[in-house]
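Note sheet for the following structure.
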Amino acid sequence: MKQLICQEPKQLVYQQVVEPTVQTGHVKIKIHAVGICGTDIHAWGGNQPFFQYPRVLGHEISGTICEVASDITQWKVGQRVAVMPYVACYECGACKEGKTNCCEKISVIGVHEDGGFCEYLNVPEKNVLAIEDTVTDIDGALIEPFSISAHAVRRAQVKAQDTVLVVGAGPIGLGVAAIAKADGANVLVADTSEARRQHVEKVLGLKTCDPAAENYLSSIEGHFSGMLAEKVIDATGNQHAMNTAVNLIRHGGLIVFVGLFKGNLSFPDPDFHKKETTMMGSRNATPEDFNKVARLMAEGKLSSGMMLTHQFDFDTIGDVYESDVINNRELIKGVILF
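FYI, in the working numbering the residues of the sequence shown are 66 to 403.
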């Protein structure tokens, strides 16, 4: 089979390798679509922590089961599936509490082990998710980033009528906004990019504001009936945005950081305390989040079109990755098709 391997930073190479044989406890998937994540971009540039080369990238995967190990009874050849790429140990304290998303020994397909930039992939049976016939291959690949968003929304305990400010309109922020809207929240999206704000308003039908504008806080208050947001979900991974997030919530508010940066959070403790702020991180997703996204997609409440801007061909993406992905300012979300 053909695979595209990141041999070292800034070097993607096509290779012909032996098609894998199915392993005990695994199913083999014929891959149809793979999303390109920020992780794949950072790995190409040599900026991804806890990463070793060479590595086959790609953890946003959909396809069809083409072979099943003899000890597997739950899955059958021909089933269409998405991949839940977080391989947990199921033995640590987090796993025993059902928090497999932050397993102490987590191995992420496409990051810590080879992923989906290839034609066939063995995946543990616990890490596949059945998708409905109405869910396209592209939708299926994007279940994973939407699930990251769904986990952040769940961490924020979003419910109907909540006022939610989503900061950052990249793929995860778009997913957060779409899912919070589907849950009945009153959602406002903030992003410094005019093009991304236009995308939010056109595709998601939500109001936006500009964090760089002088009237940023008053625009938030104007949207939420004269008050700041009850809940802020930051998907920027931007140090300044995250350090000033406490300024964006009303007293008694809650902040969830789903984006992250390499560095230290720093904010005035009096501001944090006087609002009795709740602040938490959000990492990866659990099967519960994947199931919710799959359901919302089947119901037509989520779709790849909410974040997708570009499609690529597997046979050529390796040759144009730098120009069409890394240096493409118009790219919000890309998917590779096989």
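Ideal placement from N, C-alpha and C gives every residue a C-beta, glycine not left out.
**OP:** Count the C-beta pairs between the region 369 to 377 and the region 395 to 402 that are closer than 8 Å, then say yes if the count reaches three, no if not.
**Re:** Note that the region 369 to 377 touches the region 395 to 402; at least 3 beta-carbon pairs, one per stretch, sit closer than 8 Å.
Original post:
Within this structure, are the beta carbons of Val223 and Ala245 separated by less than 8 Å?
Top reply: Yes, the pair counts as a contact, with Cβ atoms nearer than the cut-off.
Original post:
For Arg394, which three-state DSSP category applies?
Top reply: Looking at Arg394 - three-state DSSP - the assignment turns out to be coil, as it is neither helix nor strand.
Original post:
For the region 170 to 189 against the region 131 to 149, are there 3 or more C-beta pairs whose distance is under 8 Å?
Top reply: In short, these stretches touch, since the Cβ pair count reaches three.
Original post:
Given that a residue counts as buried once 16 or more other Cβ atoms are within 10 Å of its Cβ, and exposed if not, what is Pro276?
Top reply: That one is buried.
Original post:
Looking only at its own chain, which residues have a Cβ that is under 7 Å from the Cβ of Gln72, when we skip the five neighbours before and after it?
Top reply: Closer than 7 Å at Cβ, skipping near neighbours: Val78, Tyr118, Pro119.
Original post:
Looking only at its own chain, which residues have a Cβ that is under 7 Å from the Cβ of Ser212, when we skip the five neighbours before and after it?
Top reply: Correct list, in chain order: Ala350, Asp354, Phe355, Val358.
Original post:
In this structure, does DSSP put Ser369 in helix, strand or coil?
Top reply: In this structure, Ser369 counts as helix in the three-state DSSP scheme.
Original post:
Three or more C-beta pairs closer than 8 Å, one from the region 303 to 321 and one from the region 218 to 238: is that the case here?
Top reply: The region 303 to 321 vs the region 218 to 238: in contact.
Original post:
For Gln88, which option in Ala153, Ala278, Ile382, Cys131 has the closest C-alpha, if you only look at C-alpha atoms?
Top reply: When each option's Cα is compared against that of Gln88, the closest is Cys131.
Subject >> Alpha-carbon to alpha-carbon, Ile391 and Gly383 >> reply: Their backbone Cα atoms lie some 12 Å apart in a straight line.
**OP:** Express the C-alpha separation of Ala234 and Lys261 in angstroms, rounding to a whole number.
**Re:** Here residue 261 is Arg; the residue named in the question, Lys, does not match the sequence. So the alpha carbons of these two residues sit roughly 6 Å apart.
**OP:** Using the DSSP secondary-structure output, state which residues sit across from Gln80 in a beta bridge.
**Re:** The partner list for Gln80 (beta bridge, DSSP) reads Gln68.
**OP:** Note down, in chain order, each residue of its chain lying with its Cβ closer than 6 Å to the Cβ of Cys274, except the 5 sequence neighbours on either side.
**Re:** Short of 6 Å from the beta carbon of Cys274, and not among the five residues preceding or following it, lie these beta carbons of its own chain, in chain order: Ala255, Ser284.
Original post:
Under 8 Å, do Gly123 and Gly180 count as touching if we go by C-beta distance?
Top reply: Yes, they are a contact pair.
Subject >> Boundaries of the beta strand (DSSP E) in which Asp6 is found, first to last residue >> reply: Given a span of 66 to 403 for the chain in the structure shown, any question on residue 6 remains unanswerable.
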